[in-house]
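Structure, rendered in structure tokens:
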């Protein structure tokens with residue numbers, strides 16, 4: 002193989018050797034001349050290693066010619082930023098590049114040398130910068146590949162970042178820095194965070210139900226002593242209630258089989274409503290009938306209270322309706338997992354105002370709600386503590402999160418219903434089953450948690466400390482207990498009826514029939 | 007053409023030619039090759055023409071002389087031409103003059119090709135061959151391009167990749183390795199003296215002067231009324247410039263040698279002073295002399311004295327004679343050729 006030394010000599014003209022590339026000012030030429038002398042001295046130091054005159058000549062020619070070419074190339078590249086030539090970085094770069102060229106040439110010609118001189122080359126002490134530059138120069142293909150890879154990963158990362166919603170970022174940060182507690186605003190009217198501890202109560206004062214009795218029953222309605230009238234035109238069957246009592250705090254799926262009603266869960270229909278004005282009478286009624294037909298068909302609730310305060314029984318009381326899905330509540334003695342079987346579902350025809358969680362009830366609905374609550378409590382001896390809302394009991398077992406559905410997650414008029422404020426109660430799904438919330442839920446709840454949820458965290462942490470186990474492990478264990486309890490209840494219904502009613506209660510499918518706000 | 011090849015030079019261990027160096031001088035053509043370039047073969051760059059006759063051809067064959075027949079002429083060339091000339095009392099003719107092809111010699115190109123062919127083997131794989139050319143100078147400028155092109159074409163026709171290299175630079179390559187090819191190489195040949203100032207193998211300054219061995223010979227011959235051949239024989243065999251001349255021929259040789267040396271040194275000094283091409287040198291430079299004209303004893307001392315007497319624009323470390331003045335240019339060409347082969 003022939004090189005082009007004679008050709009290179011032409012490139013590396015005497016003029017260039019004398020003062021570097023043309024078209025420069027005197028100081029630049031002076032600098033270049035000094036540099037050229039420096040490089041000449043360096044290259045001569047290495048040239049003496051070559052005994053063979055042609056090898057030495059080749060080394061000299063190649064090294065200096067390449068250096069000149071590199072220098073010109075760099076100068077051309079920096080044409081628009083000439084000031085860089087006056088910086089030490091430029092000198093460093095040129096010098097390192099020069100040494101790299103020397104190394105490159107030494108390696109190329111070394112095989113022709115005597116073993117003694119080869120050893121001398123190996124023992125040469127080159128500047129660190131030169132060795133680094135040479136290494137980078139030799140591995141530049143790998144560097145290019147890595148750069149492409151990094152660019153690809155960066156682009157993908159940016160794409161992912163853009164794709165990732167602000168909710169996702171917030172959720173991630175909230176999870177990551179959970180111990181530090183993301184700020185939570187508690188927006189109970191007139192409350193400040195410092196009030197929370199004082200107002201949080203574990204057991205509520207007794208709100209006794211009135212003594213209410215049935216006055217009249219016709220084929221169309223039932224009338225009670227408190228004036229409550231329940232229309233039965235849409236009444237339908239589902240499946241009889243059946244569940245196991247789970248003693249609170251016990252590590253069991255429950256043993257005592259029960260069929261009675263222990264509580265009420267309040268819902269909103271989140272259906273399409275029109276403005277509550279006389280002009281809309283027809284539309285209001287039409288929508289109510291449509292809603293009734295729909296919830297009758299899917300057996301969604303036990304009761305519906307329309308906007309005029311009319312109370313409709315849909316799924317008969319001794320049958321379970323598909324209103325609560327994955328849900329947890331508890332009283333002083335027992336946990337209830339899957340409240341369809343043990344709780345009545347009472348739904349108000351209502352929906353939230355756009356972008357808020359403000360449910361709107363008519364005066365008639367409030368009056369009817371209170372009357373129905375009293376009827377049911379009186380009829381089934383329901384304790385005040387077991388009258389709660391869907392938002393407070395709903396859970397997402399897959400993510401271990403509370404408030405999967407958030408109808409009445411706040412602002413339910415407990416007092417108007419003759420009930421104690423359940424927003425003050427630490428929700429059992431958090432305290433007993435380790436469910437929690439994330440940033441996404443906080444955002445959905447407009448960063449507003451009810452006081453009981455905050456108190457529940459403290460209570461859970463105390464339990465966690467006592468358990469002396471890892472938080473994740475502990476939470477998973479509690480969730481598994483919940484799922485095991487559900488599974489046992491599912492088998493119970495299969496046994497009782499001889500056919501599967503799984504569709505009404507199994508995870509996922511239950512939610513499909515369940516109504517209310519959710520993700 | 008009858009030819010005789012005594013040696014194959016520039017061959018690798020396997021016998022293949024890898025690179026060759028060729029000094030195409032006015033009076034001699036020297037080829038260098040082999041592992042180190044020290045295998046050299048020389049032919050006089052001269053010829054003698056005689057009318058063809060069977061008897062003459064028989065004599066040439068009997069004496070194993072190389073010759074070339076061209077119609078009714080027989081041309082004895084190379085080293086044999088000198089012997090043949092003295093045998094027939096003829097004056098050898100020169101294919102070249104003042105370092106380039108002699109325009110007044112119609113057989114010049116053919117003869118020079120024949121001489122080269124007699125010492126340069128045909129290339130096998132487009133091997134590299136570097137050949138010497140003179141530097142620019144008085145009388146050589148216009149013919150230089152033509153001279154270089156003719157030689158290049160011919161060498162390429164032999165299968166080589168031919169590259170021209172300045173004669174003075176070739177001397178630098180051959181003799182100034184230890185100085186990393188920095189210094190002044192001077193080749194004093196038959197037709198001209200070639201000078202190259204090189205810095206790290208790069209020619210910074212090259213020039214030639216058209217007075218050299220042939221000028222001395224013809225000048226001396228004319229002033230002492232002797233033949234050029236006889237003057238040359240005296241010059242090459244017994245001239246000692248360090249001693250006082252003993253006769254009118256040596257006296258004239260002294261005079262004309264001094265003129266050549268002084269002209270050379272003076273021109274070198276002038277070129278240095280006028281040149282802006284030279285880099286600043288922070289060390290003294292050596293001068294190395296080569297070529298047949300520099301061979302007589304005492305030439306080195308006279309040259310050194312000339313350099314020292316008038317002062318010089320830069321420091322000279324030493325003035326030395328090439329290890330083998332007759333082959334230095336060819337060896338330098340060989341080194342240049344080898345340096346291009348990886």
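Protein chains in written order, with our numbering: chain A, 2 to 520; chain B, 7 to 348.
Where is the CB? At the ideal position from N, CA and C, for every residue including glycine.
Cα-Cα separation, residue i to residue j
i	j	result
residue 120 of chain B	residue 83 of chain A	58 angstroms
residue 92 of chain A	residue 106 of chain A	21 angstroms
residue 329 of chain B	residue 82 of chain B	31 angstroms
residue 200 of chain A	residue 280 of chain A	Its pLDDT being 41, under 50, residue 200 of chain A is placed unreliably by the model, and the measurement read from it follows with that caveat. Computed Cα separation, rounded: 44 angstroms.
residue 85 of chain A	residue 78 of chain A	11 angstroms
residue 140 of chain A	residue 102 of chain A	14 angstroms
residue 475 of chain A	residue 468 of chain A	8 angstroms
residue 137 of chain A	residue 144 of chain A	8 angstroms
residue 296 of chain B	residue 201 of chain B	10 angstroms
residue 52 of chain A	residue 114 of chain A	8 angstroms
residue 122 of chain B	residue 124 of chain A	47 angstroms
residue 165 of chain B	residue 47 of chain B	19 angstroms
residue 54 of chain B	residue 196 of chain B	18 angstroms
residue 335 of chain B	residue 87 of chain A	44 angstroms
residue 494 of chain A	residue 243 of chain A	7 angstroms
residue 296 of chain A	residue 212 of chain A	30 angstroms
residue 348 of chain A	residue 269 of chain A	5 angstroms
residue 84 of chain B	residue 73 of chain B	9 angstroms
Nearest-angstrom Cβ-Cβ length linking residue i and residue j, presumed shorter than 8 angstroms
i	j	result
residue 339 of chain B	residue 171 of chain B	6 angstroms
residue 263 of chain A	residue 389 of chain A	Contact doesn't hold; Cβ gap of about 11 angstroms is too wide.
residue 225 of chain A	residue 420 of chain A	Not really, about 18 angstroms apart at Cβ, beyond 8 angstroms.
residue 303 of chain B	residue 231 of chain B	Wrong, their Cβ atoms sit about 26 angstroms apart, outside the cutoff.
residue 138 of chain B	residue 29 of chain B	5 angstroms
Outcome for residue i when other beta-carbon atoms lying within 10 angstroms are tallied against a minimum of 16
i	result
residue 407 of chain A	buried
residue 405 of chain A	buried
residue 341 of chain B	buried
residue 12 of chain B	Only weak support is given to the placement of residue 12 of chain B: the predicted model assigns it a pLDDT of 35, under 50, and the value that follows is read from those uncertain coordinates. Classification of residue 12 of chain B: exposed, given that the 10 Å Cβ count is below 16.
residue 292 of chain A	buried
residue 221 of chain A	exposed
residue 155 of chain B	exposed
residue 64 of chain A	buried
residue 133 of chain B	buried
residue 39 of chain A	exposed
residue 206 of chain B	buried
residue 37 of chain B	buried
residue 186 of chain A	The predicted position of residue 186 of chain A is uncertain, since its pLDDT is 43 and thus under 50; a value taken from the coordinates is nonetheless stated next. Exposed, by the Cβ-count rule.
residue 61 of chain B	exposed
residue 317 of chain B	exposed
residue 238 of chain B	buried
residue 112 of chain A	exposed
Proximal residues of chain A, C-beta to C-beta of residue i below 7 angstroms
i	result
residue 341 of chain B	54, 55, 58
residue 4 of chain B	Not covered by the structure: residue 4 of chain B. The range shown for chain B is 7 to 348.
residue 280 of chain B	Within chain A, no residue comes near residue 280 of chain B; the closest Cβ sits about 14 angstroms away, beyond 7 angstroms.
residue 187 of chain B	58, 61
Within chain A, the residues that residue i reaches when beta carbons sit closer than 9 angstroms
i	result
residue 206 of chain B	18, 41, 44, 45, 48, 61, 62, 65
residue 344 of chain B	53, 54, 55, 56, 58, 59
residue 179 of chain B	54, 55, 58
Paired residues, beta bridge with residue i - DSSP
i	result
residue 209 of chain B	B:204
residue 296 of chain B	B:193
residue 79 of chain B	B:57, B:76
residue 302 of chain B	Its beta-bridge partners do not exist; DSSP assigns none.
residue 47 of chain B	B:37
residue 428 of chain A	According to DSSP, which records beta bridges pairwise, residue 428 of chain A is partnered with nothing at all.
residue 169 of chain B	B:136
residue 262 of chain A	According to DSSP, residue 262 of chain A bridges with nothing at all.
residue 218 of chain A	A:223
residue 312 of chain A	A:231, A:306
residue 214 of chain B	B:143, B:200
residue 107 of chain B	B:102
Beta carbon proximity, residue i to chain E, threshold 8 angstroms
i	result
residue 138 of chain A	In summary, chain E is missing from the structure at hand, where the protein chains are A and B.
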